[in-house]
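Written out below as structure tokens is the structure these notes cover.
Residue numbers (this note's numbering), protein chains in the order written: chain A, 1 to 334; chain B, 1 to 581.
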């Protein structure tokens, strides 16, 4: 498959999945696109939004479209790591001999919805996050490999903070994108109500397979990035570091810590996917700008002053982008 | 399939054009700032300029910067990335240029994609020539500089009086510039003369620009005229020196032909003891023998160019010289006898005798030299060359005196002097010292010519302000002349007309205003300049003018001035301009 064919294959696959999701999910275009980017990038998505905005439906529809198994974990404070990963249970075989047998938890799936992840204790959270990073689970000294593709979509409620355990920075960093699920518009809401309360509810068809997903992940890695574009992306990342030489004024003022190297990886990988979705064979600065907020918003840690001023991470990233853009001059300059 | 070779040449050319356009603007801005500074200097009178120079200041850096910008190298990478930005190609070209040699799965597709996009672009639309920020700033700088220059040079348009004064000043300036130029252009001009010519030039420019009040101009003209006069005098002094050298060289050459050398002639200059000895010897000869020939007096010696030589010995007659020789010989014999019995003499007496002997021997030698010198000089004085050169020198001396008196030589006079030198050269053609003498005379004439130029400068400075120095408007018997007190006196007819008449050389004769008799002749004393022009006083004109005006007004109030002249007196002081109280 040559470059043009690979790009076409990628675009067609994503378009088909998206079209199927669109049959069921009304609106939420950016969230759907973000989830698909995570799928193509082999990353995980953290969705932040109010309950009832279609997050579970989104994952279920996606699983139907790509024909992959789907699990959902509703996190609660009393949930134990074993409830996520699985555990060894005492079982007897046909001969009556007893032995420990590993009973796989809900994490052993391809698409996992970790609902309200911040309600679980850090211990339980970390069990899931290990699985997310290592693509494997270790129970009783045995390592159990998760099947690929593996995509976690964790959700958290931004309002109800009582009795929650906010995810630590190190764990947040493992999410490829943090997507904000907005409340639907009036028109979208009308369509949602009409669809869900009527006799004909939408059903997603299977348009791709796990193999397809793995293939598009390989294609993404092939997309070239020019040095100038890469430097632009790195400028965005280092611009979020308050103590760095290239720190933007907003970062100096409002950031405690900037984005990690994983942030830079996420930015460039997402840029590649956006380039392919846009029908190009190269990453552009615009692609990086487009990916900046979902890739970095959960990776920068704001200071007290930002909280006091009511500054959000998105505003800081926006200002960092403006700062980097201002420094990116036309090389001809006439 | 489309050829994947990317051709950025049209874009590179366009970028060069744009850079030249920007360079032009930056250069123009630079020129504009420079022009503004110059315009300010022009307005403040520190350093004058003209439109043409100002234009050159604007255009020079602009053209230079445009050329430099045009020739600066343009890299493909920069052009590609710039096109990406300007044409919204989303870094297609930049990536392609960077991965030109790569052959990964997307590279071919990328090249094809980028080439296709570029082929749809036109260099002109990607890099349009626009009037941008720099062009506006440059235009503003040039406009500001021009405005400052324009306002500084056209203020007089607002007032008719000022306009008239300016026109008058411009006329004067042109006149001064005309006479200053030859001084500046002369290769043999001294540093001092060049400095003076530069000052004159600057003065002319200030006048032309109308940046001086009339009083200031008059004061400055006065100063410059004095300077011109001093320089002119220096020139004529040098001319005198050259002529003197010519005569001295000729005389020495003639004496040399007779075997007399310079060191021998130097012996004829008697010191006080030798004079005393000669006087004593002459006394001893008796009163009848003391009467010397007075053929060689100081005047004659000066004519011969031997003004440093004592003529005492030259004026002795042959008879006197013989008698002196005899007497000296006799005295020497006496001294020798005394010396023969030296055992009876004290040491002092012995030294005295020896000194006397030596003095007498020297005198003997001097008498011999003077005899030869006298003969040689008499022979030279009777030769036609001597007469001719003396005539030539005399005429040049007269000319030098004329220049020194502030009257420049006329062209006719210069021609006559040149012709005379040529004639003299012809006469001396067989002499080996011809070149030497003619060269000195020609140098002297050159000095006089330069003196003439300086005298013209002097006239040009003063005459426009009615301060004619040495250029008399008075005609008739007893032309009068400039004294040290700067006045002219004489007796003659008066040019009462207001019409200008041509005088000698470049002199203009103007009528003298005032109440005079209508007929006949009269004695007159005409003061030609204010007291500041004199050699003894130096009160600035502007300081005394208000006092004079006050005095005149008081006289009018006291009715000391006839009614019909009151208006004239007032007009006079007003015409001077600075007579404000």
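In this text, a Cβ means the ideal position worked out from N, Cα and C, and glycines have one as well.
For residue i, which residues from the same chain have a beta carbon less than 6 Å from its beta carbon, with the 5 sequence-adjacent residues on both sides left out?
i	result
residue 54/A	25
residue 314/A	293, 297
residue 252/A	242
residue 67/A	206, 209
residue 113/A	56, 59, 72, 153
Of the choices the options, whose alpha-carbon is the least far from that of residue i?
i	options	result
residue 232/B	446/B, 565/B, 571/B	446/B
residue 42/A	305/A, 311/A, 265/A, 261/A	265/A
residue 104/A	85/A, 111/A, 96/A	85/A
residue 19/A	33/A, 267/A, 6/A	33/A
residue 87/B	320/B, 137/B, 119/B	119/B
residue 127/A	196/A, 302/A, 75/A, 317/A	75/A
residue 361/B	564/B, 340/B, 70/B, 324/B	324/B
residue 28/A	284/A, 47/A, 268/A, 118/A	47/A
residue 70/B	63/B, 19/B, 95/B, 110/B	19/B
residue 410/B	390/B, 448/B, 381/B	448/B
residue 135/A	148/A, 141/A, 124/A, 142/A	148/A
residue 281/B	256/B, 356/B, 225/B, 337/B	356/B
Going by the DSSP bridge assignment, what does residue i pair with across the sheet?
i	result
residue 73/A	114/A
residue 92/A	98/A
residue 48/A	156/A, 180/A
residue 138/A	143/A
residue 572/B	Answer is none; residue 572/B lacks a bridge partner.
residue 87/A	103/A
residue 281/A	Looking at the DSSP assignment, residue 281/A forms no beta bridge with any residue, so it has no partner.
residue 301/A	257/A
residue 151/A	111/A
What are the boundary residues of the alpha helix (DSSP H) that residue i is part of?
i	result
residue 330/B	318-340
residue 59/B	51-71
residue 363/B	347-381
residue 232/A	227-239
residue 256/A	That residue, residue 256/A, is in no alpha helix (DSSP H); its beta strand (DSSP E) goes 255-257.
residue 589/B	Nothing in the structure corresponds to residue 589/B, since chain B is present only between 1 and 581.
residue 17/A	3-24
residue 193/A	186-197
residue 547/B	541-557
residue 313/A	313-327
residue 221/A	210-222
residue 197/B	191-209
Suppose the cutoff is 8 Å on Cβ atoms and the five residues either side in sequence are ignored; what does the same chain contact list for residue i look like?
i	result
residue 11/A	276, 277, 279
residue 332/A	none
residue 137/B	25, 29
residue 330/A	none
residue 220/A	10, 40, 41, 269, 272, 273, 276
residue 269/B	308, 309, 310
residue 110/B	92, 95, 96, 99
residue 98/A	90, 91, 92
Given residue i, which residues of its chain have a CB within under 7 Å of its CB, disregarding the five upstream and five downstream residues?
i	result
residue 13/A	208, 212, 216
residue 244/B	305
residue 321/A	236, 289, 292
residue 372/B	258, 260
residue 3/A	281
residue 42/B	48, 49, 149, 152
residue 113/B	92
residue 319/A	248, 250
In terms of residues, what are the limits of the beta strand (DSSP E) holding residue i?
i	result
residue 60/A	Premise fails: residue 60/A lies in the alpha helix (DSSP H), 55-66, not in any beta strand (DSSP E).
message: If the cut-off is 8 Å on Cβ atoms, which residues from the region 3-30 of chain A count as contacting chain B, listed in chain order?
response: Answer in chain order: 3, 4, 6, 7.
query: When you check each C-beta in the region 27-51 of chain B against every C-beta of chain A, which residues fall closer than 8 Å?
result: none
message: Tell me which residues of the region 91-110 of chain B have at least one Cβ-Cβ distance to chain A shorter than 8 Å, keeping chain order.
response: 91, 92, 94, 95, 96, 98, 99, 102, 104, 105, 106, 107, 108, 109, 110
field: Residues from the region 208-235 of chain A in contact with chain B, defined by Cβ distance under 7 Å
entry: 222, 223, 224, 226, 227, 228, 229
message: Output needed in chain order: residues of the region 269-281 of chain A with a Cβ under 7 Å from some Cβ in chain B.
response: 280, 281
message: Counting only Cβ-Cβ distances shorter than 7 Å, please list the residues of the region 112-134 of chain B near chain A, keeping chain order.
response: Listed by position along the chain: 113.
Chain A contacts from the region 67-78 of chain B (Cβ-Cβ distance under 7 Å): Closer than 7 Å at the C-beta level to chain A, one finds these residues of the region 67-78 of chain B: 78.
query: Using Cβ-Cβ distances below 8 Å, what residues of the region 282-301 of chain A are close to chain B?
result: 282, 283, 284, 285, 286, 287
query: Which residues, taken in chain order from the region 185-203 of chain A, show a beta carbon closer than 9 Å to some beta carbon of chain B?
result: none
query: Name the residues in the region 11-24 of chain B whose C-beta lies less than 8 Å from a C-beta of chain A; which are they?
result: 15, 18, 19, 21, 22
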